[in-house]
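A.B. asks: One structure, pasted below without further comment.
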Amino acid sequence: MVRIRFFASLREQLGQAELRLSVPDGIDVESLISQLGRQQPGWAGALASNELICAVNEEVVGRQHPLHSGDELAIFPPVTGG
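Residue numbers 467 to 548, in the numbering used here, belong to the letters of the sequence shown in order.
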């Protein structure tokens, strides 16, 4: 089971803060994000951005990073500031 958390404007766009999914061991972040976009109506557009930042177990990772049972995947939009 992987815990997926959505932050900031992405959470607002998806209307959900988190979910838990059973996924194949070793699935990479990119594949899981693509799967979510296909399975959840209206999520594909919000998850399509290559600028989304992903962290696994509180460490920023690339989209090819593998996921394993017990991992937490956090997905959030790029940080902006001024």
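No residue lacks a Cβ here, since even glycine has one placed at the ideal position from N, Cα and C.
Starting from ILE541 and walking both ways along the alpha helix (DSSP H), at which residues does that stretch end?
C.D. replies: From DSSP, ILE541 is part of no alpha helix (DSSP H) but of the beta strand (DSSP E) over 538-542.
A.B. asks: On the premise that GLU484 lies in contact with ILE499, defined as a C-beta separation below 8 angstroms, what is that separation, rounded to the nearest angstrom?
C.D. replies: Contact doesn't hold; Cβ gap of about 15 angstroms is too wide.
A.B. asks: Classify ALA410 as buried or exposed, calling it buried when 16 or more other Cβ atoms lie within 10 Å of its own Cβ.
C.D. replies: Since the first residue of the chain shown is 467 and the last is 548, residue 410 is not available in this structure.
A.B. asks: I'd like the span of the beta strand (DSSP E) that includes LEU445, first residue to last.
C.D. replies: Since the first and last residues shown for the chain are 467 and 548, residue 445 lies out of range.
A.B. asks: Counting C-beta neighbours from all protein chains within 10 Å, is the total for VAL468 16 or more, i.e. buried, or is it exposed?
C.D. replies: It counts as buried.
A.B. asks: Counting only the same chain and skipping the five closest in sequence on each side, list residues whose C-beta sits under 7 angstroms from that of VAL527.
C.D. replies: Same-chain partners within the cutoff: VAL495, CYS520 and ALA521.
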